[in-house]
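K.L.:
Pasting in a structure now, in structure tokens, and then I'll have a few things to ask.
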Amino acid sequence: MTIRVAAVGDIHMGPDSEGLLRPAFETLSDCADLLLLAGDLTRHGTPQEARVVAREVRDLPVPVVAVLGNHDHHDERPEEVTAILRDAGVSVLEGEATVVECAGGRLGIAGTKGFGGGFVGRSAGEFGEPVMKEFVRTTRRSADSLYAALKELDQRDCAARVALTHFSPVADTLAGEPPEIHPFLGSYLLAEAIDTAGADLAVHGHAHLGTEHGMTAGGVRVRNVAQPVIRRAFNVYRLGGD
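Position in the sequence shown (first residue = 1) + 1 = my numbering.
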């Protein structure tokens, strides 16, 4: 059996975009078993913008699972944004896991926003000034929480597992972005967590000028679903089956 995963990130909704994605989202049951939202759902992380997103995804025909992005933190009210989305029925993850019952089997999703730091050979180190140490520790904590969430799914009889982040775990999907900003677009620590704990698919956003397809060193498929990259309301990825 096949599990069909619809995903999109970086929809950056505000009052002037209300209703833009709803018609496409209402067709999800025809092509997907669930919808993953890979962060940057709002423009500035305000409750007003979060309510626009909530109306876009409330009562959809499939379950919705999300992580927040950096834009959703900008107004420094991520807890309010999360609460508004959860009230609309969205499962918002931060270092947590959830399981969705699909026709093709149980799908486990482990989610975290992630953070920057760079990639092997060109990454920040936990050394020097306290602010630099905290930058790297923030990424490490996020990666550790993703690992723990994926490992939790070992005990939950899942047919497949997805790692959902906003920041990228690999440099592959950043192709097209200026190399100078790669350290601010993701971290290899996320990929290490994914490869060590195990997953069938990794989904992220954030890199608007990046590339859709990538892979971790351990062979896990990575997909950049930022809307400016996929150029549609969502893409669908299939797990299991043929």
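Just so it is clear, CB atoms sit at the ideal spot from N, CA and C, and this is done for glycine as well.
I'd like the list of long-range same chain contacts for Val237, defined as Cβ closer than 6 Å, with 5 residues on each side in sequence excluded.
P.N.:
Looking up residue 237 in the sequence shown gives position 236. Same-chain partners within the cutoff: Arg5, Ala7, Cys32 and Ala33.
K.L.:
When the Cβ atoms of the stretch 181-194 are set against those of the stretch 47-58, are three or more pairs found closer than 8 Å?
P.N.:
No, they do not touch.
K.L.:
Is there contact here, the stretch 208-226 with the stretch 86-96, by at least three beta-carbon pairs under 8 Å?
P.N.:
Counting Cβ pairs under 8 Å, fewer than three are found: no touch.
K.L.:
If distances are taken between C-alpha atoms only, which option among Ala125, Ser124 and Pro64 comes closest to Ala104?
P.N.:
Along the sequence shown, read from residue 1 onward, the residue named residue 104 stands at position 103. Cα-wise, what sits closest to Ala104 is Pro64.
K.L.:
Is the stretch 138-148 touching the stretch 203-213, taking contact as three or more C-beta pairs under 8 Å?
P.N.:
The stretch 138-148, when compared against the stretch 203-213, does not touch it at the 8 Å Cβ threshold.
K.L.:
Leaving out five residues on either side along the sequence, give the residues of the same chain with a beta carbon under 7 Å from the beta carbon of Gly46.
P.N.:
Translated into the one-based positions of the sequence shown, residue 46 becomes position 45. Cβ neighbours of Gly46 beyond the five flanking positions: His72, Asp73, His74, His75, Asp76, Arg78, Pro79 and Val82.
K.L.:
So Ala172 and Leu151 are supposed to be a Cβ contact under 8 Å. How far apart are they, rounded?
P.N.:
One-based indexing of the sequence shown puts residue 172 at position 171. One-based indexing of the sequence shown puts residue 151 at position 150. Ala172 to Leu151, Cβ: 21 Å. No contact.
K.L.:
Apart from the five residues just before and just after Glu153, which ones in its own chain have a Cβ nearer than 6 Å to its Cβ?
P.N.:
The count along the sequence shown starts at 1 and reaches residue 153 at position 152. If we look at Glu153 and ignore the five residues flanking it on each side, its Cβ neighbours are Ala98.
K.L.:
For the alpha helix (DSSP H) that contains Ile195, what are its first and last residues?
P.N.:
By one-based count along the sequence shown, residue 195 stands at place 194. Unbroken alpha helix (DSSP H) run through Ile195: Tyr189 to Ala198.
K.L.:
Jot down the residue ranges of each uninterrupted alpha helix (DSSP H) in the stretch 5-90, minimum 4 residues, whole runs only, in chain order.
P.N.:
Entirely contained in the stretch 5-90, the alpha helix (DSSP H) runs reaching 4 residues are, in chain order, 23-26, 48-58 and 79-88.
K.L.:
Take Glu213 and list the residues in its own chain whose beta-carbon comes closer than 8 Å to its own, dropping the five residues that flank it on each side.
P.N.:
Position 212 of the sequence shown, counting from 1, holds the residue named residue 213. Answer for Glu213: Thr174, Arg224, Asn225, Val226, Val230, Ile231 and Asn236, listed in chain order.
K.L.:
Extract the residue ranges of the beta strand (DSSP E) inside the stretch 126-199, only unbroken runs of 3 or more that lie entirely within it.
P.N.:
Segments of the beta strand (DSSP E) lying fully in the stretch 126-199: 161-166.
K.L.:
Mapping DSSP to helix, strand and coil, what is Val226?
P.N.:
Walking along the sequence shown from the start, residue 226 turns up at place 225. Val226: coil per DSSP, three-state reduction.
K.L.:
Pull up the CB-CB distance for Cys159 and Arg123, whole angstroms please, since I reckon it's below 8 Å.
P.N.:
For the purposes of this step, residue 159 is taken as the residue at position 158 of the sequence shown. For the purposes of this step, residue 123 is taken as the residue at position 122 of the sequence shown. Contact doesn't hold; Cβ gap of about 34 Å is too wide.
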